[in-house]
Every structure is written in structure tokens, then in C-alpha cells.
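Undergrad:
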Amino acid sequence: DTAVSQTPKYLVTQMGNDKSIKCEQNLGHDTMYWYKQDSKKFLKIMFSYNNKELIINETVPNRFSPKSPDKAHLNLHINSLELGDSAVYFCASSPRDSSTNEKLFFGSGTQLSVL
Amino acid sequence: ILNVEQSPQSLHVQEGDSTNFTCSFPSSNFYALHWYRWETAKSPEALFVMTLNGDEKKKGRISATLNTKEGYSYLYIKGSQPEDSATYLCAPQGGADGLTFGKGTHLIIQP
């Protein structure tokens with residue numbers, strides 16, 4: 002069983018479209034994250050949710066909206082996609098909130114290509 | 004968000020040789036230091052989490068040390084094997100801000 006699974010693995014879409022990436026973890030973790038691997042290969046945190054509550058919201062365009070229906074799921078919805086949104090997006094989870102030193106468990110990534 | 008520097012950016016090592024690389028981070032507002040291993044076409048996997056100055060952790064042939072006063076950590080690999088080829092990321096944690104990842108050291112082990 003995959004611990005942190007995200008879908009789709011690849012997403013190719015036109016500029017201006019709205020798309021969602023889904024993430025689910027079956028580890029019983031309290032905290033989930035979205036990271037973006039940018040063009041320079043940095044992994045940058047976008048959002049963090051703890052027990053369905055937003056706890057980290059980095060400087061991300063408001064076209065990006067995370068949604069956590071329950072603590073096992075954190076979906077990422079992107080409105081009005083732009084060329085610069087093309088990147089690999091990683092979901093991750095950890096057992097507790099980000100103020101403790103718990104390691105992250107990553108999903109396999111979603112490669113988003115905006116044409 | 005913390006400023007993280009990893010060096011070198013890439014490293015070619017002969018199979019059987021030992022190697023090490025560095026992670027530098029601000030020593031203020033330090034909470035923990037994480038090391039991750041990221042193989043091509045896979046997702047990052049946690050290696051170590053260290054919190055105390057002088058901490059040393061070991062997993063098989065890989066070990067790491069931590070100096071929180073001067074703001075650096077070393078990752079050592081003893082007797083490199085081809086399966087060690089990966090990008091090694093360090094990520095200091097500054098309290099509730101989550102992890103800030105460095106660009107990584109891309110390690111290639113040559114048979």
C-alpha cells in the first residue's frame with residue numbers, strides 16, 4: 002500500500018484552465034503539506050495543514066487553493082493556470098504539527114505542464 | 004524561510020571511496036536539521052533528523068553530524084556503492100515554519 006499517494010502523476014493542460022491535484026495519506030498523520038519543485042530544482046513549501054486547519058501559507062498566488070476535507074486528504078486546486086505554474090508538485094505528510102521535528106513522507110509527485 | 008547552502012552541487016565519486024558534503028544554515032532560530040535522500044524518478048526519503056549540537060546519527064554506511072553553533076552539518080558516506088547515487092537534500096527547520104530545503108548535492112558513484 003502506498004503511504005502518500007497523489008494523482009495524477011502527469012498533468013498536461015492549457016493556460017487558463019482550472020485543475021486539481023489530489024493527495025491522500027494512509028499513515029494516520031496529522032499534518033500534510035504541498036511543496037513545489039521549481040525550475041531551479043528547489044523544493045519550496047506552499048501550504049501545510051494540521052488536522053484540516055491551515056498552519057503554513059507561504060507567498061503563493063491566490064489562484065492556488067488547498068482543500069482538506071479530512072486529515073487524510075489534502076487537495077490542491079489551481080485556477081487560471083499560467084505557464085509559470087509548470088513544475089513538479091509534491092504532497093507530503095508528517096505525524097505531528099510542524100513545530101516538532103518529525104520527518105516528512107513524500108508522495109511521488111505530480112508533473113504539471115501548462116501549454 | 005531559512006537560507007540554506009549545500010556544497011558541492013554535484014560530486015562524482017569512485018565506487019568504494021568515501022565522501023562527504025556540507026549543509027550550511029543560519030544558526031539562529033534553529034529547531035532541527037533534516038537530511039533526505041532523493042533518487043531519480045522517486046520521491047525524497049528521510050535519512051536523519053538531528054536537533055542537538057554535536058549530534059551524530061548513523062544508518063549503515065551513511066552518517067551525519069551537526070554543529071548548531073556555527074550552523075553546519077556534514078553527511079558522510081563510507082565505501083560508496085552505485086546505489087548511493089542520488090541527490091542529498093538538507094532541510095533546516097526553524098520552529099513552526101516547516102522545512103526549508105537546500106538545492107541538494109547530486110552524488111554520482113562511478114563503477
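First to last, the protein sequences are chains A and B. Counting the first sequence from 1 gives a position; the numbering used here is that position plus 1. Counting the second sequence from 1 gives a position; the numbering used here is that position plus 3. Beta carbons are placed, not taken as given, at the ideal position from N, Cα and C, and that holds for glycine.
Is DSSP giving Glu54 of chain A helix, strand or coil here?
TA: In this structure, Glu54 of chain A counts as strand in the three-state DSSP scheme.
Undergrad: Using a Cβ-Cβ distance under 9 Å, would Ala49 of chain B count as near chain A?
TA: At least one chain A Cβ lies under 9 Å of Ala49 of chain B.
Undergrad: The beta strand (DSSP E) spanning Ser94 of chain A covers which residue range?
TA: Ala88 to Ser95 is the span of the beta strand (DSSP E), which, as asked, contains Ser94 of chain A.
Undergrad: If you count every other CB in all the chains shown that lies within 10 Å of the CB of Arg40 of chain B, and 16 or more means buried, which is it?
TA: When all chains shown are included, Arg40 of chain B counts as buried.
Undergrad: In the structure shown, what three-state DSSP assignment does Glu86 of chain B receive?
TA: Glu86 of chain B falls in the helix class under three-state DSSP.
Undergrad: Cα separation between Lys104 of chain A and Gly74 of chain B?
TA: The alpha-carbon atoms of Lys104 of chain A and Gly74 of chain B are separated by roughly 20 Å.
Undergrad: Does any residue of chain A have a CB that is nearer than 9 Å to the CB of Gly57 of chain B?
TA: Gly57 of chain B does not count as touching chain A.
Undergrad: Using a Cβ-Cβ cutoff of less than 8 Å, which residues in the same chain neighbour Asn56 of chain B once the five nearest sequence positions on both sides are dropped?
TA: Counting only Cβ-Cβ distances below 8 Å, and skipping sequence neighbours, we find Leu69, Asn70, Thr71 and Lys72.
Undergrad: Spell out whether any CB of chain B is found under 9 Å from the CB atom of Ile57 of chain A.
TA: Closer than 9 Å: yes.
Undergrad: Report the start-end ranges of each beta strand (DSSP E) in the segment 26-81 of chain B that is 3 residues or longer and not cut off at the edges.
TA: List check, beta strand (DSSP E) in window: 35-41, 48-53, 59-62, 65-70 and 75-80.
Undergrad: Please report the distance separating the alpha-carbon of Asp86 of chain A from that of Lys41 of chain A.
TA: Their Cα atoms are separated by approximately 13 Å.
Undergrad: Using the beta-carbon count (16 or more within 10 Å), is Gly101 of chain B buried or exposed?
TA: Its Cβ being crowded by 16 or more others within 10 Å, Gly101 of chain B is buried.
Undergrad: Measuring only the C-alpha atoms, how far is Glu25 of chain A from Ala88 of chain A?
TA: Looking at the two C-alpha atoms, the distance is approximately 20 Å.
Undergrad: Checking 9 Å against the spacing of the C-beta atoms, do Ala94 of chain B and Gly105 of chain B come in under that value?
TA: Yes, they are a contact pair.
Undergrad: How would you call His37 of chain B, buried or exposed, if buried means at least 16 neighbouring beta carbons within 10 angstroms?
TA: Buried.
Undergrad: Nearest chain B C-beta to Gln105 of chain A closer than 9 Å, yes or no?
TA: Correcting the residue type first, residue 105 of chain A is Leu in the shown sequence and not Gln. Answer yes: the Cβ-Cβ gap between Leu105 of chain A and chain B drops below 9 Å somewhere.
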